[in-house]
Amino acid sequence: MNSVVADLHLHTNASDGKYSYLVLCELLKINKLKYFSITDHDSIRSIKESIEWAEKNAMTNIPGVEYSTINDGKQVHIIGYMKNYEKAGELLDIRKKDRIERAKKIVSLLNKNNIEIEFEDVLIEARKSESVGRPHIARAMIKNGQIKNIKEAFEKYIGDNKSCYVPKMEFTIKETVDMIHSLKGIAVIAHPFENDAYKDLEEICEAGIDGIEVYTPKNKTYQIDFLVDFAKPKKLLITGGSDFHGENLYSPFGLYNDILQKFLDKWRSL
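Add 131 to the 1-based position in the sequence shown for the working numbering, that's all there is to it.
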C-alpha cells in the first residue's frame, strides 16, 4: 500500500502556525514522513534548525517560504523552495513591517465593529512569530471571548473582503517568481482553488511558475483531476502538502514517492 512520504506545505510559530519547529518535526517523524518543507509566511526563521534536525533523524527538510502576491486584484500564494533561502531576508523584512501595520489597521476596524481587542493582545499571540498574521488576531479574539473559533473570525470579520479585512502589501507574481529563481529555487502556486486562482492559471504560468500544488486536504477529486490535467501538458511539477497550522490533529498529506521523485529531480538539478 502506498503511503505519503512528503508533506511540502507546513507552518510553525515563526509565522502563523501553532507549534515550534521542534514539535512539528516530531509530529512528522511519528507519522513516518521522509521529506517535508516548512513554508512559513514571509519567514525563514525555522528553516536552518529544522534542516539540522532532519539530518539527525534521517529525514530531509526542503527549505521553503510561502509568499503572498497579487494578480489582477486577487491574492495568489506562491511557495518558493529555495536552496539559497538565507538571501531572501531583505525582501522578507519589508513584508514583516507591513504585516505589523496591517494588523493594527485590522484591530482598529474590529474596535469600530464593537469587537473589543487590543493590538497588545495580538502581539501576545504572535510573540514567538516573526510575522503577525490574521490567525494571531483570531486567536486573540477567541481568548477575549469575542468568537468561538478561527473559522468564525474569518467568516464574519477578517476573511478576504469581510468588514474588517485589510489587504497586505503585495508583490506581483513575476517579481516573486524571479526572486525565487534568483535564489536557485522552485516556484509553485499554492492551493490554487483558494481565491479562485485556478481561473487565471494560464496567465499565472506566464510568470515562469515551475509547479502547482495539487494534493491538499481541501481539494476534492474533481479539483485534483483538473489541476493534474492542466499541469501535465505544460510539464509543470505537481506538489502537495497539508498546509498544517496546528489547529487540528496532524494527518499526513502530500506526495507519494513516484510524484515526489520528479520534484526531487528538479531540486537536485538547481
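Note that the Cβ used here is the ideal one computed from N, Cα and C, for glycine as well.
Query	Result
Beta carbon of A269 nearer than 8 Å to that of A284	yes
Nearest-angstrom beta carbon gap, I210 and G220 [assumed within contact, 8 Å]	About 17 Å separates the two Cβ atoms, so there is no contact after all.
Exposure label - S294; buried when at least 16 CB within 10 Å	exposed
Expected contact under 8 Å - CB spacing of F167 and A145 to nearest Å	Incorrect: roughly 15 Å between the Cβ atoms, too far for contact.
Proximal residues to L401 (C-beta, below 8 Å), its chain only, five neighbours per side dropped	K214, K315, G316 and I317
Closest by C-alpha distance to S199, when choosing among I355, N326, D356 and T352	N326
Whole alpha helix (DSSP H) elements within the region 265–306, 4-residue minimum	265–274 and 281–284
Bounding residues of the beta strand (DSSP E) (the contiguous stretch that carries K205)	K205 to M213
Under the three-state DSSP convention, the category A257 falls into	coil
Close beta carbons around I246, own chain, < 6 Å, minus the five adjacent residues each side	Q277
Reference K365; option with closest CA among G377, Y353, P348 and E333	E333
Endpoints, beta strand (DSSP E) assigned at A197	Looking at the sequence provided, one finds Glu at residue 197 rather than Ala. Where E197 is concerned, the enclosing beta strand (DSSP E) stretches over G195 to N202.
Meets three-Cβ-pair contact criterion under 8 Å: the region 232–239 and the region 354–370	no
Minimum C-alpha distance to G377 - residue among E249, G342 and I281	I281
Identity of the residue in N242, S262, Q354 and Y150 nearest H172 by Cα	S262
Exposed unless 16 or more other CB atoms sit within 10 angstroms - verdict on R265	buried
Terminal residues of the alpha helix (DSSP H) in which V359 lies	T352 to A362
N- and C-terminal bounds of the beta strand (DSSP E) containing E157	Careful: E157 lies outside any beta strand (DSSP E), inside the alpha helix (DSSP H) at Y152 to I161.
Endpoints, alpha helix (DSSP H) assigned at I237	G220 to K243
Coarse secondary structure for M132, derived from DSSP in three states	For M132, the pLDDT reaches just 47, beneath the cut-off of 50, and the residue's location in the model is therefore unreliable, although a value from the coordinates is still provided. If DSSP states are grouped into helix, strand and coil, M132 belongs with coil.
Distance CB(I320)-CB(I343) smaller than 8 Å	yes
Cβ neighbours of E286 in the same chain (closer than 6 Å, five flanking residues each side left out)	none
Buried versus exposed call for M272 [16 or more other C-beta atoms within 10 Å across all chains shown]	buried
Nonlocal neighbours in the same chain, by C-beta distance under 6 Å from M132, ignoring five residues either side	Confidence is the limiting factor: at M132 the pLDDT is only 47, short of 50, which leaves the residue's position unreliable, though a coordinate-based value still follows. Taken in chain order, the list of residues that qualify is empty.
Beta bridge counterpart(s) of H172 as assigned by DSSP	E197
Local Cβ density within 10 Å of E232, reported as buried at 16 or more and exposed below that	exposed
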